[in-house]
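> In this note's numbering, the protein residues as written are 33 to 123. The structure's right below; bear with me while I get my questions together.
Here you go:
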């Protein structure tokens, strides 16, 4: 879901996968998962430059999950919550 104006961009994303239980000869089963992400971007002009402030949160609820085709899924899960803050100056 996305909301966009001239200065504001807000998005909410859902990533999901069903469990994988029909396996090949050397594969391991993986459970299904649902992961939520969100982001906020604010743009504004100042001193003849375009400024952007961006906040992104991936895996909001810190869900532990494993992608079926990951080569390291038996060793470790996918990354947990990730928060990014970015300030961009466009000239």
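Glycine included, every Cβ here is placed at the ideal spot set by N, Cα and C. Bear in mind that the values here come from a model prediction, so they are computed numbers and not experimental data.
#1: Leaving out five residues before and five after residue 106 in sequence, what residues of the same chain have Cβ atoms less than 7 Å from its Cβ?
#2: Compute the Euclidean distance between the alpha carbons of residue 114 and residue 94, then round it to the nearest angstrom.
#3: With respect to the beta strand (DSSP E) encompassing residue 111, which residues constitute its N-terminal and C-terminal limits?
#4: Could you work out which residue in 90, 81, 102 and 38 is closest to residue 119 when comparing CA atoms only?
#5: Tell me the rounded alpha-carbon separation between residue 63 and residue 47.
Here's the rundown:
#1: Here residue 106 refers to the residue found at position 74 of the chain shown. Contacts found: 60.
#2: As a first step, residue 114 is located in the chain shown; it is residue number 82 there, counting from the start. As a first step, residue 94 is located in the chain shown; it is residue number 62 there, counting from the start. The straight-line gap from Cα to Cα measures roughly 8 Å.
#3: As a working mapping, residue 111 is identified with position 79 in the chain shown. Note, residue 111: premise wrong, no beta strand (DSSP E); not H, not E.
#4: Here the question's residue 119 lines up with position 87 in the chain shown. Ranking the options by Cα distance to residue 119, first place goes to 81.
#5: Within the chain shown, the letter at position 31 stands for residue 63. Within the chain shown, the letter at position 15 stands for residue 47. Each residue's alpha carbon lies about 14 Å from the other.
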